[in-house]
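Here is the structure we will look at.
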């Protein structure tokens with residue numbers, strides 16, 4: 001009989017409480033990136049796909065819990081959320097979403113050889129420069145949040161999306 005280690009259900013430390021000024025700055029960075037994306041015309045639904053995909057790659061349960069809930073609250077389908085990890089093999093994503101997902105993967109896995117020219121070229125076919133910048137910033141911010149949540153072992157499950165207005 002094999003035994004498994006139980007899942008961790010307690011946080012390692014309270015980063016927000018221990019460094020509230022850094023947490024506030026991170027929150028402001030996120031809000032600024034969201035405003036820039038909105039101003040550039042990047043769809044909120046696409047940004048949630050970016051956040052989910054980066055969180056999948058990084059293995060961040062806390063952020064996956066949060067952003068799949070946010071995506072569903074914005075009307076995203078279960079089918080697309082469940083197949084996002086295999087987006088290349090599905091017909092469920094638009095050319096624009098595919099370009100953003102490829103860019104997100106390249107930014108997230110930058111140790112694999114930087115952002116390839118062909119990924120950037122595909123992004124430029126469907127996004128203008130301010131939109132490309134917005135997608136890059138969205139990927140950078142979620143990667144930072146993933147690393148924070150994973151390091152602190154933030155516990156998923158309690159997050160609830162804000163009511164839609």
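In the UniProt record's numbering, the protein residues as written are 1 to 165.
Positions of the beta carbon are idealized from the N, C-alpha and C atoms, including for glycine.
Predicted, not measured: the structure shown is a model, and the values here were computed from it.
Checklist entry - What residue range is occupied by the uninterrupted alpha helix (DSSP H) comprising residue 109? => result Looking at the DSSP string, residue 109 is not in any alpha helix (DSSP H), and its letter there is neither H nor E.
Checklist entry - Which same chain residues, not among the five before or five after residue 62, have their C-beta less than 6 Å away from its C-beta? => result 149, 154, 156
Next on the checklist: In chain order, what are the residue ranges of uninterrupted beta strand (DSSP E) at least 3 long that sit wholly in the segment 69 to 126?
Outcome noted: none
Checklist entry - On the three-state DSSP scale, how would you describe residue 132? => result helix
Checklist entry - Near residue 48, what residues of its chain come up, given a Cβ to Cβ distance below 7 Å and the 5 sequence neighbours on each side ignored? => result 67, 70, 71, 74, 76
Next on the checklist: Measuring only the C-alpha atoms, how far is residue 123 from residue 98?
Outcome noted: 9 Å
Checklist entry - With C-beta atoms as the reference, is residue 104 less than 8 Å away from residue 54? => result yes
Item to check | Candidates 28, 11, 43: closest to residue 130 by CA position | outcome: 43
Item to check | Rounded separation between residue 115 and residue 65 - CA only | outcome: 27 Å
Checklist entry - What's the gap between the Cα of residue 26 and the Cα of residue 151? => result 15 Å
Next on the checklist: If you follow the alpha helix (DSSP H) that residue 160 is in, where does it begin and where does it stop?
Outcome noted: Run containing residue 160: none; DSSP gives neither H nor E here.
Checklist entry - Span of the alpha helix (DSSP H) holding residue 41? => result Counting along the chain, residue 41 falls outside any alpha helix (DSSP H), and DSSP gives it neither H nor E.
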